[in-house]
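Accompanying notes for the structure given below.
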Amino acid sequence: MIRLIIFTLFSAMLCIARVSAADPEKTETRYCTIEGTSGDRTASYLAEHADALIDEVSDRLGFELKERVRVIVAPDRTRFQEAQPAGAAVPEWAAGVAWPHKNLIVLRKNTGGDILKTFGHEVCHILLGQAFGPDHRVPRWLEEGLAVMIAGQWSMQRMSTMSMAVLTGSVLPMDELARVFPLDAGRAETAYCQSFYFIAFLMNRFGEEDFRAFLREYSAGRDFEQALWKSYYLRWDEIEGLWLDFLKVRFGWLPVLSSTATLWFLASLVFVWAYIRKKRAAREKMRLWEQEEPGEDEHMTLQ
């Protein structure tokens, strides 16, 4: 009987310990309330850098944070999904989600990515959502392209993805990306790459200040096309045409064939071909010499 009581008490203590370990631990910063499981170093690390990151993103966009943000750091995929607003489903590959009109960011640990970059990406969505308001529909490519750029999520892999999309004719229409991104991971990655390079194209072609002016005009309630004209004196179809020309020049066959890596690769092929040819010629020469050598019965004996 005593053993049973001890076992029951011990089991109860274990359950309490597990529950308390899973209870959210909150950290308050100047801009955020960050929630993670008890003793979560990732949440603590994020709390140390969150305010500085928000200031940085705010400066780049030209929009200030209007309301505090709740940030949930989920330890796994299940808790990540449970932390989303009721009825919301997110793709399997997602590492973070922002809900601007709820001032909520949900991040997932252990995805292989940099959680600070993911946080910066989602902060961009929050700031844009607060600036434009719930009734202003912002093109998805604009939000995602800005978020990828400001969070510093460019990579060689993304450049390769964009090159492949251009060379295979699988570039997605920008009007399609204005509404929704594909759920398929491969096509979604192409959509993110296109959005990033479209924003980069606008900033490089017209300057960052003109781009911020466009954002101010657009967030002030102007129609998308009106904001473009006010900032760039170009229609959407004209800008899209310039963008497609940029893609051909930046990611077409000519830059691929003329790149340093390609030239080194071709030079290596020429070197290997020349080496193999030289070795074959040497073997052929040896074979001819062996055929010309007389046998033992053909030698003359001098007396």
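Start counting the sequence shown at 7; every next residue gets the next number (my numbering). We treat Cβ as the ideally placed atom computed from N, Cα and C, and that holds for glycine.
Would the region 93-106 count as touching the region 54-70 if we require 3 or more Cβ pairs under 8 angstroms? no
Inter-stretch contact (C-beta, 8 angstroms, three-pair minimum) for the region 224-232 and the region 192-205: no
Label S44 either buried or exposed according to how many other C-beta atoms from any shown protein chain fall within 10 Å of its C-beta, with 16 as the threshold for buried. exposed
With DSSP collapsed to three states, give me the class of A184. coil
Could you check the C-alpha separation between E223 and S50 for me, to the nearest Å? 38 angstroms
Near K123, what residues of its chain come up, given a Cβ to Cβ distance below 7 angstroms and the 5 sequence neighbours on each side ignored? A157, G158, Q159
N210, buried or exposed, once every other Cβ within 10 Å from all chains shown has been counted against 16: exposed
Write down the C-beta distance between L113 and V75 rounded to the nearest angstrom, noting that I regard them as a contact closer than 8 angstroms. So it is not a contact: roughly 12 angstroms between Cβ atoms.
Relative to the C-alpha of L183, which residue among S176, S201, P140, M168 is closest? S201
Rounded straight-line distance, which links the Cα of I111 to that of W129: Looking at the sequence provided, one finds Val at residue 129 rather than Trp. Rounded to the nearest angstrom, the two C-alpha atoms are 8 angstroms apart.
Return the CA-CA distance between Y238 and F217, expressed in angstroms with no decimal places. 9 angstroms
Distance cutoff 8 angstroms, beta carbons only. Does A58 sit that close to anything in chain D? Checking the listed chains, one finds no chain D in this structure; it contains a single protein chain.
For L269 and T167, what's the separation of their Cα atoms in angstroms? At L269, the pLDDT of 42 sits below 50, so the modelled position is not reliable; the number obtained from the coordinates is stated separately. Cα to Cα, L269 sits roughly 21 angstroms from T167.
Excluding the five sequence neighbours on either side, which residues of its own chain have a C-beta within less than 6 angstroms of the C-beta of H127, listed in chain order? A153, A157
If you drop the 5 nearest sequence neighbours on each side, which residues of the same chain put their C-beta closer than 7 angstroms to that of F138? V144, S225
Measuring alpha carbon to alpha carbon, tell me which residue in V177, L208, E98 is nearest A191. E98
Beta carbon of Q136 nearer than 8 angstroms to that of E73: yes
T39 - containing beta strand (DSSP E), residue span: 38-43
Neighbourhood of A94 by C-beta, 6 angstroms cutoff - its chain only, sequence neighbours within 5 removed: none
N-terminal and C-terminal residue of the alpha helix (DSSP H) that A1 is part of: A question about residue 1 goes unanswered here, because the residues of the chain that appear run from 7 up to 309.
Minimum C-alpha distance to L189 - residue among I132, E215, V96, S161: V96
Other residues of its chain near E231: CB distance less than 8 angstroms, five sequence neighbours each side excluded: R241, W242
Are E244 and M180 close, meaning C-beta to C-beta below 8 angstroms? no
Assuming F204 contacts W249 (C-beta within less than 8 angstroms), just tell me the rounded distance between them. 6 angstroms
Have a look at M165 and G175 and give me their C-alpha separation to the nearest angstrom. 15 angstroms
From V177 to V255, what distance separates their C-alpha atoms? 14 angstroms
Using only the alpha-carbon positions, how far apart do L134 and H107 sit? 10 angstroms
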